[in-house]
Structure formats: C-alpha cells, structure tokens
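Chains as they are written, first to last, in the numbering used here: chain A, 6 to 298; chain B, 4 to 364; chain C, 111 to 362. No residue lacks a Cβ here, since even glycine has one placed at the ideal position from N, Cα and C.
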Amino acid sequence: MSFISYLINGVSLGSIYAIIALGYTMVYGIAKMLNFAHGDVIMIGCYIVFVLMGSFHLNSTVSIIAAVIGCTVLGVVIEKIAYKPLRKASPLAVLITAIGVSYFLQNFALILFGADTKSFTSVVSIPTIKLAGGDLTISGVTIATVISCIIIMAALMIFIKKSKSGQAMLAVSEDKDAAQLMGVNVNKTISLTFAIGSGLAAIAGVLLCSAYPTLSPYTGAMPGIKAFTAAVFGGIGSIPGALIGGILLGVIEILGRAYISSQLSDAIVFAVLIIVLLVKPTGLLGKQVQEKV
Amino acid sequence: MKKSNMKSINKQTKSMLITYAMVIAVFIIVEIMISTGMMSSLMQGLLVPLCIYSIVAIGLNLCVGYLGELSLGHAGFMCVGAFSSAVFSKCMMTSGMNETLRFILALLIGTVVAAVFGWLIGIPVLRLRGDYLAIVTLAFGEIIKNVINVMYLGRDSKGFHFSIKDSASLNMQADGKMIIDGAKGIVGTPNQSTFVVGIIIILISLFVSFNLVNSRTGRAIMAIRDNRIAAESVGINITKYKLMAFTISAAIAGAGGVLYAHNLSTLTALPANFGYNMSIMILVFVVLGGMGSFRGSIIAAVVLTMLPEVLRGLADYRMLIYAIVLIIMMLFNWAPKAIEWREKHSLKRMFGKKEKAEEVQ
Amino acid sequence: MALLEVKNLGISFGGLRAVDQFEINIKKGQLYGLIGPNGAGKTTIFNMLTGVYKPTDGIIKLDGEDLVGKKTIEINKAGIARTFQNIRLFSQQSVLDNVKIGLHNQYKYSTLTGILRLPKYRKMERKMNEKAMELLKVFELDDKADFLASNLPYGEQRKLEIARALATNPKLLLLDEPAAGMNPNETIELMDTIRFVRDNFDMTVLLIEHDMKLVSGICEELTVLNFGQVLAQGKTKDVLNNPEVIKAYLGE
C-alpha cells in the first residue's frame with residue numbers, strides 16, 4: 006500500500022513540475038532562451054496569495070486569480086525590459102540577464118517580506134480521501150494538483166491547436182523570420198508566451214506551497230531547476246514532453262526518497278536525467294536536428 | 004612578411020604580460036595596504052575568496068570562452084578538489100610532514116582528482132550540445148555535492164573505514180577519528196590558504212591557460228568552437244581536444260577548490276558554496292569579463308565580489324542593487340541597440356570585451 | 111593507376127536515393143570537374159568522399175586504399191582535403207592561424223610542450239609560421255595574415271579556405287563551388303591560382319562548379335550528374351557538346 010501512496014505523491018509532485026516545466030518549455034520553444042527567473046516568478050505568485058489571504062483576508066479564489074494576474078503582468082514586464090532588447094544577442098548574454106532577473110526577484114522579495122520562512126496555509130478545501138480501509142490516504146491537495154494539471158494541459162493543447170494565437174506560437178517556434186514574413190506579430194506572440202507561462206507559474210506556486218507549506222524568497226529556485234530538468238528530460242519545446250518529464254521526475258524523486266535515500270533523491274533525479282540524455286540526446290520527445298554540411 | 008607575423012605574436016605576448024603585471028601590482032598594493040593598516044579586516048578576509056573566484060573563472064573561461072561549451076557544473080569540480088585535498092591534508096596532519104610540502108601535495112591531489120572527474124564526466128557529456136550540455140553539467144555538479152553530503156570516512160588503528168549511511172556504521176575502534184562526517188563535512192583542515200598562495204595559484208593558472216590557448220592545442224580547441232565541421236575536415240580530433248580543454252578547465256577549478264578547503268577550518272558541501280549557484284556566479288564573472296579574456300575574468304570576479312561589500316552600508320538593498328547593476332551591464336554590453344548607440348558616441352564597454360580571438364590574452 | 115577510384119557509389123536518406131551507381135576515375139595531376147543542376151547530389155558525393163556521410167554502398171579508393179567507413183579525420187590524413195560551398199572558416203581566428211590549424215597534423219608537439227614552451231615549441235611554431243606564410247603568399251594573402259578571417263572579403267575567404275585545405279598536405283583537393291560569389295575578374299584569377307596549385311604542389315583537383323567559363327577553362331575531364339546519376343563523363347569538350355547534357359541544363 007505504501008508503494009501506491011508514494012506513487013500518488015510522486016504523480017502529484019510531478020504534476021507541479023509539469024506545470025512549471027510548461028513555462029520553461031514554451032518560452033524555450035519560442036524565444037530560444039532559458040528563462041532562469043521562471044522559478045522566482047512562482048515564488049512571487051505565492052507571496053501574492055500569502056499576503057492577500059493573510060493580511061487582507063480575501064478568500065482563496067480571489068487571491069489565486071490576483072496571483073495569476075500579477076504573475077502574468079510580471080512575466081510580460083520582465084520580457085519587455087530585460088529580454089526583448091537582447092533578442093538578437095548571444096544566447097549566453099540572455100541567460101546571464103535572466104540570472105540577473107532571478108537575483109532581482111529573490112532580493113526584492115527578501116526586502117519586502119524578510120528572509121524568514123513563512124508557513125503557508127493550504128488554499129485547497131477538498132477533504133482527504135481514505136481508501137482501502139484507511140491504509141491509503143489521498144490528500145485534497147494531491148487531488149487538486151492532479152486535476153489542475155490535467156485541465157491546464159488539455160486547455161493548452163486545445164488553445165495551441167485551435168486558436169489563431171496558438172498557431173502563431175507554433176509558427177514562431179518553427180521559424181521566427183518566416184513567421185514574421187507571413188504576417189505573424191512575433192513580439193506579441195512572445196509576450197503572450199511569457200504571459201501564459203508566468204500565469205501558470207502562479208498556479209504551480211500555489212499548489213506547491215499548499216503541498217509543502219513553507220515560503221521563503223528562495224522557494225522557487227530549486228523547483229524551478231527541477232522543472233527545467235523535467236522540460237529537458239521530456240524534450241524541450243514539447244508540451245507533452247513537459248507533462249511526461251514532469252511526472253516521471255516527480256515519481257522518481259519521491260520513490261528515490263522513500264526507498265533509496267532521502268539525501269540522495271536529488272542526485273537520483275539528476276542521474277536519471279543524465280542517462281536519458283545520453284541515450285536520447287534531445288530528451289524523450291525532442292526532435293533530432295541534423296546539421297547540414 | 005615576417006614582420007606582420009611577428010607583430011601578432013607580440014600582441015599576444017604583450018597582453019599576457021599586462022595581465023601578469025596587473026596581478027603582481029595588485030598583490031604589491033594590497034600588501035602595502037595591509038602593512039600600513041589601511042585595509043579593514045573585513046576586506047582582508049575577502050582576499051582569499053577573491054583569489055578563489057578568479058582562479059575558477061580562469062578555468063571556466065577556458066571551457067566557455069575557448070571551447071565554446073557552456074558548463075554550469077564547475078562548482079562540482081571545485082568541490083571535488085576541495086574535499087580530496089582536505090582529506091589528504093587532514094590525514095597527513097599527524098604525520099609530521101613539512102607543512103609546505105603537504106600543501107603542495109594537497110594542491111596537486113586536488114587538481115588531479117578534479118581533472119580525473121572532468122575527464123570522466125567529459126566523455127559522455129561532451130557529446131551533447133548547447134543547453135543540453137549546460138543542464139547535464141549542472142546535474143553532475145549537484146550529484147557531486149549530494150553524494151559528498153552522505154559520505155562518511157573515518158580512520159582508526161586498523162585503517163580507513165567508509166560508509167554512505169552514518170558515522171556509526173563505520174565500526175571504528177575507540178581511537179578512531181572522523182575525516183568526512185556526512186553533511187557536517189570535514190572539520191579541522193589546516194588553514195594554509197593565504198593571499199600569497201592565492202596569487203601564486205592565479206599566476207600558475209594564467210601561465211597554463213595563456214600558453215595553452217597560444218599553442219597548437221589551443222588553436223585546435225578554438226577551431227572546434229568556430230566551426231566543428233571544418234575542424235574535422237582538416238584532421239582535428241574533436242573528441243580529444245574537447246575532452247582536453249574540459250579536463251584542464253576542471254583541473255583549474257579543482258585548484259580553486261583546494262584553496263577554498265584550506266581557507267576555512269570547516270569544509271561542508273552546501274548549496275551556497277558548491278551548488279549550481281556558485282557555478283552560475285562564476286559564469287557571470289566569465290561572461291561579464293568577456294569570454295576569451297582571462298584578464299577580464301579576474302577583473303569581473305574582483306569587481307563583482309567587492310560590489311556587495313562596498314554597498315554594505317545599504318544593508319538589505321545591496322543584493323538588489325547588485326542584481327540591477329548586473330542586468331543593466333548586460334543590456335549595455337550586449338543589446339544590439341545599446342551597441343549601436345555606444346558606437347555612435349564612441350563609448351567603450353563598461354568592462355570586458357566581446358568574444359574575439361584576435362585579442363587572445 | 112587512378113588516384114581516386116570510385117565504383118558503384120550510392121546513398122539513401124530514408125527512402126530517397128540521393129546518389130546512385132556513381133563512378134569516377136581521376137588520374138594523378140588531373141583537374142577534374144563535377145557538374146550538374148542544383149540538387150543533383152554533387153555536394154552529397156563530396157560528403158561521402160570525406161566521410162561526413164557514410165555511403166550505403168560502393169567503393170572509394172584513394173591510391174588503392176579503401177576509404178569507405180572511415181571517419182573524416184582519417185580520410186583527411188589519408189590525403190583528401192576539401193573546401194565548403196558555404197564557406198567554413200575559423201572566423202574568430204586570424205588568417206595565419208586558420209592556415210596553421212590546417213598544418214595541425216604536419217607539425218606536431220605535445221600539449222605539455224606547448225604549455226611549458228619548451229624549445230621544441232618555438233622550433234615547431236617557427237616552422238609552422240614559415241610554411242603558413244608560404245601558402246598564404248600563393249594566394250596573395252600574406253599581407254593580411256593578421257586579419258581576422260571573418261574580416262576578409264568574400265573572394266579572399268574562398269582563397270583562404272583553399273590555402274587551409276592545402277596545408278593538410280593532401281593528395282586530392284576537393285573544391286565545392288570555389289568561384290561562387292566571385293566577379294569575372296576574380297574568377298579568372300582563381301583559375302590561374304588553381305592551375306598554379308596543381309603544377310607547383312603536384313596536386314590533383316576535383317571541383318564542383320556552376321560557372322561554365324571556369325569549368326571549360328581549366329577542367330580536363332568532366333562528370334555530369336543529374337538526379338543522383340551519372341549523365342555523361344569524359345573530355346570536357348565532348349561532354350559539354352553532349353545533347354543530353356545540354357537538355358539537362360537548359361530543359362526541353
């Protein structure tokens with residue numbers, strides 16, 4: 006029974022990674038950049054909910070909506086100020102700038118909210134389910150997380166397949182210049198990508214802090230790195246890849262922690278990533294690109 | 004025809020000499036300031052870390068600037084160098100070995116062990132490209148840090164005992180002593196990293212790096228960076244030279260780690276000192292200092308480490324300002340519009356140079 | 111005996127047969143042309159000859175040595191050097207260093223010798239500089255030895271690529287559209303240079319070219335490729351008057 010409950014916890018954690026990984030993978034697919042600050046957007050989203058619920062006593066739904074809007078705006082503003090001027094510069098320059106943005110967000114939160122770890126109250130009011138005569142418990146957060154992940158994935162796939170903006174995103178990720186020639190507004194599409202990715206980050210953040218109820222300015226950093234790992238694992242640029250990568254990563258982490266060593270669980274996750282990339286150098290669902298001579 | 008050719012060599016030599024001279028000049032100035040009491044003890048405490056960052060940045064520059072591969076795992080090589088040398092020093096402390104000789108051996112051991120790790124990790128990793136390589140080096144760095152945190156090594160009259168569970172399972176005799184105590188790390192490493200030692204290691208790293216990039220091997224490494232397919236077509240063994248550059252780069256980072264280990268009496272593998280954050284910090288030095296410019300790496304390491312200290316009066320705001328300065332510098336140095344504006348007003352970059360191999364320094 | 115002997119060479123990409131039953135025999139010292147419409151498979155053949163692509167079937171022999179399945183660097187050491195259709199220089203390095211990289215396997219010293227700057231380092235570097243300058247002089251690039259390769263004008267970049275290929279001391283030189291992007295005067299100059307290289311370096315040259323003036327001006331024999339197959343082969347004049355060839359080039 007404990008194996009199944011570990012598995013469920015793994016899927017739950019993996020769902021959070023998957024939602025965060027979406028932000029990485031979409032931005033990478035379209036802007037060809039590693040948005041290192043994405044993990045810190047998650048943290049900002051959590052603080053918004055924390056403050057609105059704790060200090061302003063708003064209800065959780067309103068707080069979450071506010072956090073999503075706040076993060077969406079934040080993502081778009083970051084893109085406009087820090088990344089857009091560098092669009093034609095070396096990818097390494099963009100990476101370092103993103104690191105700068107990450108430092109900025111962390112220290113901004115540090116000044117505003119202090120370095121101490123806040124305890125976050127879960128926003129999920131779904132009751133815990135007991136199965137198999139109480140041997141197997143599934144917490145409300147887990148249920149909410151998995152359902153959110155499924156809804157987000159489905160909505161995103163439909164959006165990209167059916168809507169005009171979604172098609173524009175596909176076109177830009179395929180070939181930016183060609184898309185521009187065909188009349189796609191590249192700047193708008195990139196902004197939209199950042200908006201969606203950052204909005205999702207807020208949701209992921211709230212779920213993360215509901216499951217692991219602590220909040221500090223560095224809360225977003227490690228899950229951010231792990232979610233990026235998940236995106237690479239599944240094949241960066243691929244949305245189903247983010248889902249598969251995220252869930253596998255979550256399951257491996259929880260099972261590794263339970264059965265091998267709690268201190269080595271991160272090492273196990275990274276080791277699996279390395280093995281996957283050595284066998285499939287562009288991730289599980291990534292496209293193989295051959296250099297033309 | 005000979006003349007023009009001589010000129011290019013002189014240019015490289017000149018640039019090299021300027022860098023050596025800069026390091027030595029800084030050393031002399033600092034020594035004077037210390038002896039006249041003009042330097043606060045806070046600043047004195049920063050001297051060795053500055054040397055460490057400079058050394059690791061020189062090593063990473065070989066990898067990023069010359070080989071053209073982005074590594075986010077150099078903190079891992081530092082970590083390996085630090086721990087292997089600290090274990091050696093600790094074991095030899097009671098042997099009565101001459102202290103200088105012991106430190107030199109520790110330095111050699113740390114460097115060689117880091118090189119071996121660089122080589123072993125390089126074999127699989129260097130087949131990957133770009134961001135995939137970056138994330139895998141980051142993964143290796145994190146694995147190294149995590150594994151060291153669960154290592155227990157002890158020594159008693161019967162010899163060495165090793166475990167990855169806890170200190171109790173070492174089953175040591177009563178006279179046993181812990182060497183590596185899991186997450187608590189290594190306690191009581193001799194403090195032998197002085198500013199002089201740091202400067203000497205910087206000079207050695209510079210000597211190795213300069214001479215490497217200005218040799219047949221260095222040209223092959225840069226050829227791979229500039230055009231892999233063309234390099235292959237003129238008979239350059241891609242795998243061999245990539246691996247060589249990566250290994251040497253890791254070895255220099257390892258030397259930085261040795262200095263780190265012998266600077267503090269307690270050595271632990273924390274996210275702050277050997278995690279990916281450290282790798283990223285060093286990468287920031289390399290990129291801001293100018294890829295391919297060793298002098299730039301040192302200047303950036305010093306300026307960016309000092310910046311938060313200079314801003315200390317601003318308390319909590321200092322890291323925020325640091326972040327803003329970093330973003331502005333990147334935009335100013337790299338944004339196409341900023342470059343255009345600078346050229347119009349003939350302004351120089353804030354510091355550092357753009358990647359240009361003609362200015363091999 | 112032929113220097114380069116290719117028999118029944120073919121390659122498939124997925125289901126697509128890009129080159130089929132390709133044959134060629136090039137004698138030592140020849141200037142040989144490989145022509146054909148765009149997409150006929152000319153560069154693919156170069157890529158097979160240099161080990162970039164592995165042929166699906168066929169034989170490639172250089173001086174009697176079988177080259178199929180060997181890696182690019184082994185083939186270069188065996189004696190084939192090439193230039194690229196889209197110029198591939200070491201753009202961030204000096205003109206001189208580009209040629210010195212070509213000399214990589216001709217003048218060797220170990221990495222440690224280089225780092226410690228032992229006497230052998232100085233001796234070898236001096237020899238490399240002399241040899242490289244000698245090659246640059248042939249292409250009239252010696253006064254630009256210090257320039258960054260990417261700062262050279264287009265025509266000179268093509269020349270530098272040939273100089274770099276020659277530095278590897280090949281038996282056979284493959285030139286992929288050496289006159290592309292050159293004006294008529296530069297092309298005439300290039301023709302002289304190619305002849306000079308053949309005569310003074312004892313070189314055999316196989317070149318892909320669209321410029322018919324260059325082809326008819328310097329190639330002694332031609333092979334025409336169309337849809338991956340040999341359409342005509344023989345003396346330049348005969349091939350260019352072949353009605354099949356004219357049809358393939360001009361359409362019907």
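Do residue j and residue i have their beta-carbon atoms positioned less than 8 angstroms apart in this structure?
i	j	result
T221/C	M247/B	yes
E287/C	E319/C	yes
L291/B	M332/B	yes
L269/A	V153/B	yes
A200/A	M187/A	no
F288/B	T22/B	no
I148/A	I163/A	no
V237/B	R268/C	no
L27/A	L73/B	no
Y359/C	P229/C	no
M158/C	L119/C	yes
G44/A	A226/A	yes
T102/A	I327/B	no
G80/A	E258/A	no
L70/B	K243/B	no
G327/C	G151/C	no
L108/B	F91/B	yes
C308/B	Y56/B	With the sequence shown as reference, residue 308/B is identified as Thr, and Cys is not the correct amino acid for it. Contact flag set, yes.
Below 8 angstroms on the Cβ atoms is my guess for residue i versus residue j; work out the distance and round it to an integer in Å.
i	j	result
V139/B	I25/A	Actually they are not in contact, since the Cβ atoms of V139/B and I25/A sit about 20 angstroms apart, beyond 8 angstroms.
S201/C	A259/C	5 angstroms
T103/B	G84/B	Their Cβ separation, rounded to whole angstroms, is 19 angstroms, which puts T103/B and G84/B out of contact at 8 angstroms.
I225/C	N214/B	5 angstroms
G171/A	G240/A	The pair is not a contact, with the Cβ atoms about 19 angstroms apart (cut-off 8 angstroms).
R158/B	G191/B	Contact flag wrong, Cβ pair sits at about 13 angstroms.
Counting along the chain, where does the alpha helix (DSSP H) carrying residue i start and finish?
i	result
M58/A	H43 to G59
N185/C	In the sequence under discussion, the amino acid at residue 185/C is Ile, which differs from the Asn named in the question. Element bounds for I185/C: T182 to A188.
M2/B	An answer regarding residue 2/B cannot be provided, because it is not within the stretch 4 to 364 covered by chain B.
D286/C	Per DSSP, D286/C belongs to no alpha helix (DSSP H); it is in the beta strand (DSSP E), L282 to D286.
I145/C	Element bounds for I145/C: not the alpha helix (DSSP H) but the beta strand (DSSP E), L141 to I145.
R127/C	Run containing R127/C: none in the alpha helix (DSSP H); it sits in the beta strand (DSSP E), L126 to K137.
D229/B	R219 to D229
Q111/A	P96 to F118
Could you check where the beta strand (DSSP E) with residue i kicks off and where it finishes?
i	result
T126/A	No beta strand (DSSP E) holds T126/A; DSSP gives it neither H nor E.
T142/A	L141 to I143
K117/C	A112 to F123
N336/C	E331 to N336
L316/C	T314 to I318
H164/B	G162 to S166
M181/B	K180 to D184
K164/C	From DSSP, K164/C is part of no beta strand (DSSP E); its letter is neither H nor E.
Interfacial residues, the region 253–286 of chain A to chain B, with Cβ spacing under 8 angstroms
S266, Q268, L269, D271, A272, F275, A276, L278, I279, L282, L283 and P286
Any 3 or more C-beta pairs closer than 8 angstroms across the region 241–255 of chain B and the region 185–193 of chain B
Touching, no.
Residues of the region 109–126 of chain A in Cβ contact with chain B at a cutoff of 7 angstroms, in chain order, please.
F109, N112, F113, L115 and I116
Check whether the region 36–50 of chain A and the region 110–125 of chain A touch, using three or more Cβ-Cβ pairs below 8 angstroms as the test.
yes
Residues of the region 201–218 of chain C with Cβ closer than 8 angstroms to any Cβ of chain B, in chain order
S201, Q202, Q203, S204, L206, D207, K210, I211, G212, H214, N215, Y217 and K218
Determine contact between the region 128–143 of chain B and the region 72–80 of chain B, defined as no fewer than three beta-carbon pairs at a distance below 8 angstroms.
Yes, the region 128–143 of chain B is in contact with the region 72–80 of chain B.
Taking only beta carbons into account, state which residues of the region 318–337 of chain B come closer than 8 angstroms to chain A, listed in chain order.
D319, Y320, M322, L323, Y325, A326, I327, L329, I330, M333, L334, N336 and W337
Segment contact flag, the region 205–219 of chain A with the region 115–135 of chain A, C-beta cutoff 8 angstroms, min 3 pairs
Result yes; three or more Cβ-Cβ pairs closer than 8 angstroms.
Given a limit of 7 angstroms on CB to CB distance, which residues of the region 237–254 of chain B reach chain C?
V237, G238, I239, N240 and M247
Can at least three beta-carbon pairs, one atom from the region 197–207 of chain B and one from the region 201–216 of chain C, be found at a separation below 8 angstroms?
no
Does the region 170–189 of chain C touch the region 223–243 of chain B, meaning 3 or more C-beta pairs lie closer than 8 angstroms?
yes
At a CB distance below 8 angstroms, what residues from the region 235–249 of chain A approach chain B? Give them in sequence order.
V237 and I241
Cβ pair count under 8 angstroms reaching 3, the region 210–219 of chain C against the region 238–245 of chain C
In short, these stretches touch, since the Cβ pair count reaches three.
To be precise: take each residue of the region 156–175 of chain C, compare its Cβ to all Cβ atoms of chain B, and keep it if any distance is under 9 angstroms. Which residues remain?
T160, G161 and V162
Residues within the region 196–214 of chain B neighbouring chain C, beta-carbon criterion of under 7 angstroms:
V211 and N214
Using 8 angstroms as the threshold, is the region 129–138 of chain C in touch with the region 335–352 of chain C, meaning 3 or more CB pairs across them?
At 8 angstroms Cβ cutoff, the stretches touch.
What are the residues of the region 151–174 of chain B that lie near chain A, defined by any Cβ-Cβ distance shorter than 7 angstroms?
N152 and V153
How do the region 257–264 of chain B and the region 50–67 of chain B stand: do at least 3 beta-carbon pairs fall below 8 angstroms, yes or no?
yes
Anything in the region 181–212 of chain A with a Cβ closer than 9 angstroms to a Cβ of chain B? List those residues in chain order, please.
Those would be none; no residue qualifies.
Three CB pairs or more closer than 8 angstroms across the region 309–318 of chain B and the region 22–40 of chain B:
Verdict: no, contact absent.
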